[in-house]
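First up is the structure itself, then whatever we jot down about it.
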Amino acid sequence: MPASPWPTPRSVRQASQLHAVLTTSGKIVHPPSTGHLLNSLTNCLSAPRHLGYALSLFDRLPLHSTFIFDTALRACLRASGGADHPVLLFRRMRRGGVRADAFTFHFLFRCCARARPRLCRMLHAACLRTMLPSAGTLVANPLIHMYAALGFTDDARRAFDEIPVKDAVAWTTMIGGLAKMGLLDEARWLLVQAPERNVVSWTSLIAGYSRAGRAAEAVDCFNSMLSDGVAPDEVAVVGVLSACSRLKDLDLGRSLHFLIGEKRINMSDNLVVALIDMYAKCGDIACAQGIFDAVGRGQKPQPWNAIIDGYCKLGLVDVARSLFDQMDTPDVITFNSMITGYIHSGRLRDALLLFMQMRRHNLRADNFTVVSLLTACASLGALPQGRALLASIEQRLVEEDVYLVTALVDMYMKCGRVDEATIVFQRMGERDVHTWSAMIAGLAFNGMGKVALEYFCQMKRDGFQPNSVTYIAVLTACSHSCLLNEGRLHFNEMRSLHRIHPQIEHYGCMVDLLARSGLLDEAMDLVQTMPMQPNAVIWGSILSACRVHKKIDLARHAAELLLKLEPDEDAVYVQLYNIYIDSRKWVDASRIRMLMEERGVKKTAGYSSITVARQVHKFVVNDQSHPWTFEIIAMMEEIAHRLKSVGYAPITSKITVDVDEEEKEQALLAHSEKMTIAFGLISLPPNLPIHIMKNLRVCEDCHSAIKLISKLWKREIIVRDRSRFHHFRDGTCSCNDFW
DNA sequence: CTAGGGTTAG
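For what it's worth, full-length UniProt numbering labels the leading residue of the first sequence as 1, then goes sequentially.
This is the structure we're talking about:
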């Protein structure tokens, strides 16, 4: 090609100016000028939005040589505009009889690294048919990359092995592909075999270990690299910093920070982000703030995001918010971090307000936003709002992914919709260990322990390795459904088969299961042999079981320890008080009362709440403050009447106040959960389940009464209290105990 | 003209 008489544009804007000059001077019809324009425009492309312009220039050219096609393909690659245009270009090339060369396939394979597998294989076949020497690194390296990106590591490996003379990039591409797939041992082995170990190979391995949660090995890798004499660069340091923040190793982080100065590594934005993130996650927020103040307050949102997320993770959302308010151009990540921060601090209203504010910044919610909000809906039991979010998936505003669908399963489960959660789960394409765990946990706390265990079996049959979270779900299933033998089996298997060390949560489930089954001695043996100090959950399980199984001495012991851990927890005093009353130890009981008064512990009032038309209604016992009190009382009378007509006798035996039987019945009827359900019955459409929340445990009488209400009114009723999830339907409850 | 990393979610 002859040297162009025109200047070379360095931006899209300059290219379009040259375009205008060419058009007005009539030179646009001159193919070499247009070719020059297309070529230099291609060098300026970095986002899909100008790809159409480049391709329109291509269409204007009368003659399409191999070089021009290759340039158009290069434009597609630079603009990262997907695989559709490249494939069309390739078809036109073949129809026009234009010969493809090595560059053609080089660009095609790179464009198609995220395309459908069938298409990729067809392109590979087309390449083989051209009789080009396809094992040269110019073609083979992108081919390895494409197969590795698809997850077809065997095909990638075959392409790699067929290269007669491999260059450094071939080795690095192969090692990087294996590392990205999580095949870290293979990647490491290849690195050892490679003629040259460069920074790029080491970095992909470091990042691979870090992503796989093997952060210690990532750091080892970094050290091996240094002792191998390979100088770290900015990218390598970013990788090892992220491993460091996972390890929460502040000393290591500081030494890496020092290394950056020592080796004069360029302080890029990414490095600033990684440093701020590392200091924040390692617990030195002051240092993170220092770096941010020194270099992070530029125009770019990334360093702001890192420090804002750091404050959110510490629970200091208001500090995070004040930084947020100082920003000029927050991006989606800023909003997501702030929204998640609010949600984790229970400030759902603030989260929602920010979500609505996103529109004003012309930002669209993405998967992260939707997942966070789904989690909020799950913890609120806000099914209608959760469904509204689902609509955003159906309208293709966000792409379905594993996180999203798992959050959806979790949301349905926490709202008591086991059937809908199951449908979502069955329909989803990709599952991982979190999805299975969410499903098993959901079935467990909806009282379907047996089904949960069936899912656990299927999970293992499908080849998924359960992790410690999965086992918390499995053991919860056993304890909530009193599956003693299964619980023992899985507790043993998690150690022997999967080499997972039980954490306090696992012991908690086992102690609960044994205690509920009346095996309090065995439960206590477990408590004494476990390698950590028992926490309040464990003593709580023991104490509750003592009431049912009438073990006063053990109850006293458990309560004593529990009160050391949580001296202000009124429920403990009440529990022990009730145990003494049950066994007619009046003196001991009154001592507890005195103790509470001495220590100034007040019994927190029980309350229940329900969300109707996006408004939360809260009731305490005998509540008269609601504007609909009149209707509610009428409905409660109706409930009392209907319960009585089917022979229901209120369970008054647990009431220890010295009043007559009728007063006891009256008191029970005025319990907040019954009032809330009465309000739900009159205010919610009949097809909706009644979903209420309670801050304390549901009492025995309410539990039995609600069972009957669900049958008499043919309504699903879901009650979440502080430790159980009760799903009432047609006279039964998913949770057949209430202590 | 090729290869590696990164703040937000279940």
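By construction, the Cβ of each residue, glycine as well, lies at the ideal position given by its N, Cα and C atoms. All figures in this text were calculated on a predicted structure; none of them were measured in a lab.
Counting the other CB atoms within 10 Å of its CB gives Arg-95 a total below 16, which places it among the exposed residues. Counting along the chain, the unbroken beta strand (DSSP E) around Val-616 starts and ends at 615-620. Within its own chain, the residues whose Cβ lies closer than 7 Å to the Cβ of Leu-684, once the five positions on either side in sequence are excluded, are Val-612, Ile-690, listed in chain order. Contact check for Ile-206 and Ala-236: beta-carbon distance about 7 Å, within the 8 Å limit, so the pair qualifies.
With fewer than 16 other beta carbons inside 10 angstroms of its own, Leu-119 counts as exposed. Between Ala-558 and Trp-539, the C-beta spacing is below 8 Å.
Counting along the chain, no beta strand (DSSP E) covers Tyr-471; the unbroken alpha helix (DSSP H) around it starts and ends at 468-480. The segment 79-87 makes contact with the segment 113-128; the number of CB pairs closer than 8 Å reaches 3 or more. Taking each of Ala-100, Leu-150, Gly-151 in turn and checking the Cα distance to Met-131, the smallest one comes out for Ala-100. When rounded, the separation of the alpha-carbon atoms in Pro-301 and Thr-334 is 8 Å. A straight line joining the alpha-carbon of Leu-18 with that of Ala-149 spans about 38 Å. In the three-state reduction of the DSSP assignment, Tyr-412 falls in the helix class. Annotation for Met-635: Ala-678, Leu-681, Ile-682 place their beta carbon closer than 7 Å to its own, counting only its chain and skipping 5 residues before and after. Beta-bridge analysis with DSSP links Phe-728 to Ile-717, Cys-733. DSSP lists no bridge partner for Val-87. With respect to the 8 Å criterion, Ser-734 and Gly-487 are not classified as neighbours on the basis of their beta carbons.
Here the segment 394-405 lies against the segment 427-439, with 3 or more beta-carbon pairs under 8 Å apart.
The Cβ atoms of Phe-728 and Lys-694 do not sit closer than 8 Å to each other. Inter-residue distance for Glu-661 and Val-409 is about 46 Å (C-alpha atoms, whole angstroms).
Cβ-Cβ distances below 8 Å link Arg-499 to nothing in the same chain once the five nearest sequence neighbours on each side are left out. Per DSSP, Met-635 lies in no beta strand (DSSP E); the unbroken alpha helix (DSSP H) holding it starts and ends at 629-645.
According to the DSSP assignment, Tyr-147 belongs to the alpha helix (DSSP H) that extends over 137-150.
In the DSSP assignment, Ile-692 forms a beta bridge with Ile-610, Val-719.
For the pair Lys-564 and Met-225, the Cα-to-Cα distance works out to about 51 Å. According to the DSSP assignment, Ser-322 belongs to the alpha helix (DSSP H) that extends over 317-326.
When the five nearest sequence neighbours on each side are left out, the beta carbons in the same chain lying within less than 6 Å of the beta carbon of Phe-160 are those of Ile-144, Met-174, in order along the chain. In the three-state reduction of the DSSP assignment, Pro-303 falls in the helix class.
Tyr-648: not part of any alpha helix (DSSP H); DSSP gives it neither H nor E. With respect to the 8 Å criterion, Arg-78 and Leu-45 are classified as neighbours on the basis of their beta carbons. Nearest neighbour of Ala-536 by Cα position, chosen from Leu-513, Thr-529, Leu-520, Val-572, turns out to be Val-572. Counting other Cβ atoms within 10 Å of its Cβ, Lys-166 reaches 16 or more and is therefore classed as buried.
Taking the Cα positions, Ser-16 is about 9 Å away from Leu-41. In the three-state scheme derived from DSSP, where H, G and I count as helix and E and B as strand, Ile-276 is classed as helix.
Under the three-state reduction of DSSP, His-506 is assigned to helix.
Sequence-distant partners of Trp-171 (beyond 5 residues in either direction) whose C-beta falls short of 6 Å from its own C-beta, in its chain, are Ala-194. Gly-208 places its beta carbon less than 8 Å from that of Gly-182.
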